[in-house]
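Under the UniProt record's numbering, the sequence shown has 92 at position 92, and the numbering climbs by one with no breaks.
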Amino acid sequence: MLELLAPFDQGEAVQGLEQVSHVWLLFLFHQALEDKPRLKVRPPRLGGNQSMGVFATRATHRPNGIGQSVVKLDKVEAGRLWLSGIDLLDGTPVLDIKPYVPYADAIGDATNQIASAAPALIPVHWQNAALQQAREHALRL
């Protein structure tokens with residue numbers, strides 16, 4: 001759940017958003033900020049073994065610390081957005097929220113030879129104690 005701060009915690013700020021299935025989040029990689037910018041990074045997507053220019057990757061080490069992610073918008077309330085498919089840490093500062101617009105945001109003939117296919121899914125097996133802790137945390141939200 002994303003809590004909106006004043007003055008954006010008013011219903012007016014999210015009016016119409018209930019008609020949208022996904023949103024872009026612009027956020028700050030607040031735990032990866034560095035004083036010295038990195039021109040090259042080793043993206044995990046490539047196994048961390050290949051060095052590439054920072055602008056050719058989605059690595060967290062950005063020149064300005066700004067990241068973006070598309071997430072599913074499950075529910076809209078005044079002051080709160082219920083999201084899924086989100087890959088941010090608790091407490092990550094969100095700078096802006098924009099509606100995903102399929103005709104403009106999905107480019108049919110776009111290519112990326114670095115990341116031409118989705119990575120293989122990694123199975124996750126939760127221990128009972130971890131699953132219980134996650135459920136308790138979810139109830140607090």
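Here a beta-carbon is modelled for each residue, glycine too, at the ideal position from N, C-alpha and C.
Practice task
Could you check how far apart the C-beta atoms of VAL23 and ILE97 are, in whole angstroms? I think they sit under 8 Å.
Solution key: 5 Å
Practice task
On the DSSP bridge assignment, give the partners of MET52 in chain order.
Solution key: VAL41
Handout entry: Whole-number beta carbon distance between LEU33 and ILE66, since they are thought to touch under 8 Å
Key = Contact doesn't hold; Cβ gap of about 11 Å is too wide.
Problem - Closest by C-alpha distance to ASP35, when choosing among PRO63, ASP109, LEU121 and ALA115 - result: PRO63
Handout entry: Per DSSP, the bridge partner or partners of SER21
Key = SER21 pairs with nothing; no bridge assigned.
Problem - Own chain partners of TRP82 with C-beta closer than 6 Å, once the 5 adjacent residues on each side are dropped - result: MET1, ASP74 and LYS75
Problem - Same chain, Cβ closer than 7 Å to LEU89, five either side skipped, listed in chain order - result: GLN31
Handout entry: Cβ-based burial, LEU25 [other Cβ within 10 Å; buried from 16]
Key = buried
Practice task
Spatial neighbours of ALA115 within its chain, please: CB distance less than 7 Å, with the 5 preceding and 5 following residues excluded, ordered by chain position.
Solution key: ARG45
Problem - Beta-carbon proximity check, THR92 vs PHE8, cutoff 7 Å - result: no
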